[in-house]
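Only one structure is covered here, and it is reproduced in the block below.
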Amino acid sequence: MAAQMAQTPQPHVLSSWITAFEGFDRAHGFAVNLFVVIALALLGLALLAGRTRVLPYAVAACAVLCLATWVLVQDLGFFGGVGTDPNSMIPVLLVIGGGYLGMTRVPAVNRSAAAVTRIGTWQRPKERLVAWWSAVGRRPAYLLHSVIALGAVGILLLGAAPMAVASLQPHAAPILAEAVDGAPNATNFVARDFRLADQYGRPVSLASLRGKTVALTFLDPVCTSDCPLIGQYFRQADAMLAPSLRQHVELVAIVANPLYRSRSYLLAYDQEEGMQHLANWLYLTGPLQALRETWDKYGVQVEYEPAGAMIGHSEIAYVIGPRGHVRSVLESDPGSGTEAQESSLAVTLAAAIRSAAR
Amino acid sequence: VTMPAHPGTTVPRGQSPTWVSRVATAVGAALFAINMYAVAASAAPEGHVDVLRAPLATSISTFEGTWASVPMGHLDQPLNTFWQLFFFPSHGERWSNHAGQLGIADNGGLLLAARGDRSLLVAVRPSNRLEFSAVASTTDGRSWAPVTALEGNPLSLAAGADGQDLALLHEASGDKVLTSDRRSSSWQTLVTAHALASSRPGRACAPLALTSVAVGASGTLLVGAACGRAGVAGVFVYDHGAWRSAGPRMSEQYGRDHVQVLSLRDAGSAPVALFSVSSASGEELVEGWAGADGRWRLSTGLFLKARDLVSVGPTPGGGEFVVYRDGIHRDGTHTEKLDLLNGPGAVWQTMPLPNGTATVAFPAPGRTDALSVNDTVMTDWELEPGASHWAKGQVTHVDILFGSSN
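Chains as they are written, first to last, in the numbering used here: chain A, 1 to 358; chain B, 1001 to 1406.
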């Protein structure tokens, strides 16, 4: 991660820090890992033990560790990388700080009131509100603490909790897919025709599929990362369709590699991903010129990448209705490729197919 | 646990309940133990490995020029290790990189084979989520022609002048050798490790695994093996629909040692093999050349562990070069050395190499190049005829897309 961050254009002073740390980490990876593990274990013990003499030092050490990670690995959170990782150290630091305040600034117990304020003892909401308001009146900063605490809980509930719940669902809601790819774009324009051949050598054109709902995407058969996952979520989406609808749906992929586009590669991909068992799966290829024209018609970029990297191509899916109109355009980046993520993409695609079939 | 009866007043919490400390200590100790176990397991030696494989880094020459395949990038991270394919034209002056024209992520490594004298056949070993191998051929690196996909993970690749290709594929059920020719659009199984082991010549060898393949100039198909029977070397020839052992008969000094074929090729009309010989006292490499009469001539032994090999390949004189690790610097980088055997009857010649040498190549008559790699930089070191020191030559910065295979 540090190496990737260091390659991002940024002031030299920052990249030099990260590069230096990355070099040190490469040379002494075991020692760095050992140090971090021991430090985290000790800090965890110190925080959990809750000894007031130790806590300030533990929190200070946590702050140093978090800030060092934020600067040397996460590149200050905004110069490099995408997603939520690059800034994770700051919320962690805030949580630790909040925990420290919670542990050290515990109010003295009013013994006389303890009997009625024990947890598990019924206290009316109104009484709680009065007690809270009284506390705010005595110490206005308490209001700020309460607002921050409520805000933290709100962020957790609004952001992380639904994602976490969705991640645990075998048939996740579209939320995971939309977090990576955005919502499908509902459209209504005429799909451009193409004339290619399927993996068995049979000629196929879009016109020949008129009357069926077509889920169309572009796949590199020798892609090592995303394309196998895209095939899988197409397969899952197919399984989510009612049998009566499935017989009027075609899942179509057009090869997105200018070199490995022969039938042997398409069949190898089908076998690898188990696509050969789908009756409505077509993987199309053709002469390079015909492929280039089709890529252009659908705005798909396919290009060689340098130095042993895979072919770069757009990850996009079109859902075309029975009358030949594009009804939905979906970004089809499979993201992390987890089971829940794939399931979420499949739910999204299946919903788009059902909508287009109406 | 109490509610804040007087929020304005703060006092130290004091001692926490003992169960918290105990649980925290137990969790911490468990995590620490798990991590230490993982670290120890990853750092532990691999243990006894029966079957040795030749390293992928190598160089070969065709009529059009010299090809070299080397790993670059972050070599400790498989998906950030990208194999590069450098080409030095026969009448050129510089190395150029053609890995970008392969059209596939090549983190799994490249297998090279010369198709006669003119073209190069390359198999890209699968990596990450890909489970089959892309194959393509070229003469100059600029234009490529795809060859039928290999459905599996190839360990060795060979090509004949008449267009017949041979591949050794690794499968969980056992290795197998596939063959294909230009008229065929598919690979056909020639023999499985099990079938070869069951054959009469196979029983004499008791192969633990098949290790390499070669195609002779006359279309002869050769398979090398790691023999389980001591003192036997496993080179097999496919002849008129049947397999026969091509030897060699190892000398008495190797009678109790296990012999494995590390690499196999055809030099003109007879096989040439690099053997790894393992005994209780150590390992050594022995080169063997088969004569027209079927008798083999063996080189003297080169004492080094096959696990230390960085690169092996042919020399222009029909011999073998061997690049291996011979020490380690304080910063963790290795010292490499080169041993050259220039043909039958020659003796191993040892010479130092520039740091980070991944392979050596012979791009011009009398000239030896050491291709040294460090992350994204390839430095070509030249050793001109008669010179005693490597001279720094071309420096190539490779534009690696780190993270693109994740």
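Backbone N, C-alpha and C fix where the C-beta goes; we use that ideal spot for every residue, glycine too.
Hey, how far is the Cα of residue i from the Cα of residue j?
i: Val1135 (chain B); j: Pro1154 (chain B); result: 10 Å
i: Thr19 (chain A); j: Ala68 (chain A); result: 14 Å
i: Leu209 (chain A); j: Ala352 (chain A); result: 18 Å
i: Ala1040 (chain B); j: Asn33 (chain A); result: Any reading at Ala1040 (chain B) must be qualified, since the residue scores a pLDDT of 39, below 50, and its modelled position is unreliable; the value itself is stated next. Rounded to whole angstroms, Ala1040 (chain B) to Asn33 (chain A) spans 13 Å at the Cα level.
i: Phe24 (chain A); j: Gly321 (chain A); result: 56 Å
i: Val255 (chain A); j: Gly308 (chain A); result: 19 Å
i: Asn188 (chain A); j: Gly99 (chain A); result: 53 Å
i: Leu94 (chain A); j: Leu1353 (chain B); result: 53 Å
i: Ala39 (chain A); j: Asp270 (chain A); result: 48 Å
i: Ser343 (chain A); j: Asp198 (chain A); result: 27 Å
i: Ser1404 (chain B); j: Ser225 (chain A); result: 9 Å
i: Leu1274 (chain B); j: His1258 (chain B); result: 14 Å
i: Phe1402 (chain B); j: Val1286 (chain B); result: 39 Å
i: Val64 (chain A); j: Trp70 (chain A); result: 10 Å
i: Gln1077 (chain B); j: Gln1084 (chain B); result: 16 Å
i: Asp1106 (chain B); j: Glu305 (chain A); result: 12 Å
i: Ala1114 (chain B); j: Ala1158 (chain B); result: 7 Å
i: Phe1321 (chain B); j: Thr1368 (chain B); result: 11 Å
i: Ser1042 (chain B); j: Glu272 (chain A); result: Only weak support exists for where Ser1042 (chain B) lies, its pLDDT of 37 falling under 50; the value from the coordinates is given anyway. Going from the Cα of Ser1042 (chain B) to the Cα of Glu272 (chain A) covers about 30 Å.
i: Val302 (chain A); j: Asp333 (chain A); result: 15 Å
i: Arg354 (chain A); j: Leu245 (chain A); result: 8 Å
i: Leu1371 (chain B); j: Met1378 (chain B); result: 7 Å
Does the beta carbon of residue i sit closer than 8 Å to a beta carbon anywhere in chain A?
i: Ile1060 (chain B); result: no
i: Trp1095 (chain B); result: no
i: Phe1132 (chain B); result: yes
i: Asp1380 (chain B); result: no
i: Leu1371 (chain B); result: no
i: Trp1144 (chain B); result: yes
i: Ala1033 (chain B); result: Confidence in Ala1033 (chain B) is poor, its pLDDT being 48 and thus under 50, which makes the residue's placement unreliable; the coordinate value appears in the next sentence. Ala1033 (chain B) does not count as touching chain A.
i: Ser1180 (chain B); result: no
i: Asp1140 (chain B); result: no
i: Trp1083 (chain B); result: yes
i: Ile1057 (chain B); result: The amino acid occupying residue 1057 (chain B) in the given sequence is Ala; Ile does not appear at that position. Judged by the 8 Å Cβ criterion, Ala1057 (chain B) is not in contact with chain A.
i: Ser1405 (chain B); result: yes
i: Ser1137 (chain B); result: no
i: Ser1069 (chain B); result: no
i: Ala1273 (chain B); result: no
i: Thr1148 (chain B); result: yes
i: Ser1186 (chain B); result: yes
Under the DSSP definition of a beta bridge, which residues are partnered with residue i?
i: Glu1320 (chain B); result: B:Pro1314 and B:Leu1341
i: Asp1165 (chain B); result: B:Ala1159 and B:Ser1180
i: Lys212 (chain A); result: Per DSSP, none; premise fails for Lys212 (chain A).
i: Phe1086 (chain B); result: B:Ala1068 and B:Asn1097
i: Trp1296 (chain B); result: B:Ala1290
i: Gln1260 (chain B); result: B:Ala1226 and B:Ser1276
Here's a check: name, in chain order, each residue in its chain whose Cβ is nearer than 8 Å to the Cβ of residue i, leaving out the five neighbours to either side.
i: Ala1217 (chain B); result: Gly1160, Ala1161, Asp1266, Gly1268 and Ser1269
i: Arg1244 (chain B); result: Pro1201, Phe1236 and Val1237
i: Pro1316 (chain B); result: Ser1061, Phe1362 and Pro1365
i: Gly50 (chain A); result: Met103
Counting only beta-carbon separations shorter than 8 Å, does residue i have a partner in chain B?
i: Gln271 (chain A); result: yes
i: Pro306 (chain A); result: yes
i: Ala60 (chain A); result: no
i: Ala39 (chain A); result: no
So, for residue i: in the same chain, excluding its five sequence neighbours on each side, which residues have a beta-carbon less than 7 Å away from its beta-carbon?
i: Phe1132 (chain B); result: Pro1126, Ala1149, Leu1150, Glu1151 and Gly1152
i: Val1011 (chain B); result: For Val1011 (chain B), the predicted structure reports a pLDDT of 40, less than 50, and the residue's modelled location is therefore unreliable. A value from the coordinates is still provided. For Val1011 (chain B), where only same-chain residues beyond five positions count, there are no Cβ hits under 7 Å.
i: Ile96 (chain A); result: Val59 and Cys62
i: Gly1393 (chain B); result: Asp1380, Trp1381 and Glu1382
Looking only at its chain, what residues have a beta carbon closer than 6 Å to the beta carbon of residue i, apart from the 5 residues adjacent to it on each side?
i: Val1373 (chain B); result: Val1070, Met1072, Gly1356 and Ala1358
i: Pro1248 (chain B); result: Ala1233, Gly1288 and Trp1296
i: Val252 (chain A); result: Val214, Leu216 and Leu282
i: Arg118 (chain A); result: In this prediction, Arg118 (chain A) scores a pLDDT of 49, lower than 50, which makes its location untrustworthy; no coordinate-derived value is stated.
i: Leu1052 (chain B); result: Gln1260, Ser1276 and Ala1306
i: Arg195 (chain A); result: Ser205
i: Lys1176 (chain B); result: Leu1169, Thr1189 and Thr1192
i: Asp1181 (chain B); result: Gly1163 and Gln1164
i: His1074 (chain B); result: Asn1080
### Message
So if I threshold CB-CB distances at 9 Å, which residues from the stretch 216-232 of chain A count as touching chain B?
### Response
Asp220, Pro221, Val222, Cys223, Thr224, Ser225, Asp226, Cys227, Pro228 and Leu229
### Task
Using a Cβ-Cβ cut-off of less than 9 Å, give me the residues of the stretch 252-268 of chain A that come near chain B, in sequence order.
Contact residues of the stretch 252-268 of chain A toward chain B are Asn257, Pro258, Leu259, Tyr260, Arg261, Ser262, Arg263, Ser264, Tyr265, Leu267 and Ala268 (C-beta to C-beta distance below 9 Å).
### Query
Which residues, in order along the stretch 1376-1403 of chain B, keep a beta-carbon less than 7 Å from a beta-carbon of chain A?
Val1398, Asp1399, Ile1400, Leu1401, Phe1402 and Gly1403
### Message
Give me the subset of the stretch 306-324 of chain A whose CB atoms are less than 7 Å from a CB atom of chain B, sorted by chain position.
### Response
Pro306, Ala307, Gly308, Ala309, Met310 and Ile311
### Task
Identify each residue in the stretch 1094-1121 of chain B for which the Cβ-Cβ distance to at least one residue of chain A is less than 9 Å, and report them in chain order.
Taking 9 Å as the Cβ-Cβ cut-off against chain A, the residues of the stretch 1094-1121 of chain B that qualify are Asn1097, Ala1099, Gly1100, Gln1101, Leu1102, Gly1103, Ile1104, Ala1105, Asp1106, Asn1107, Gly1108 and Leu1110.
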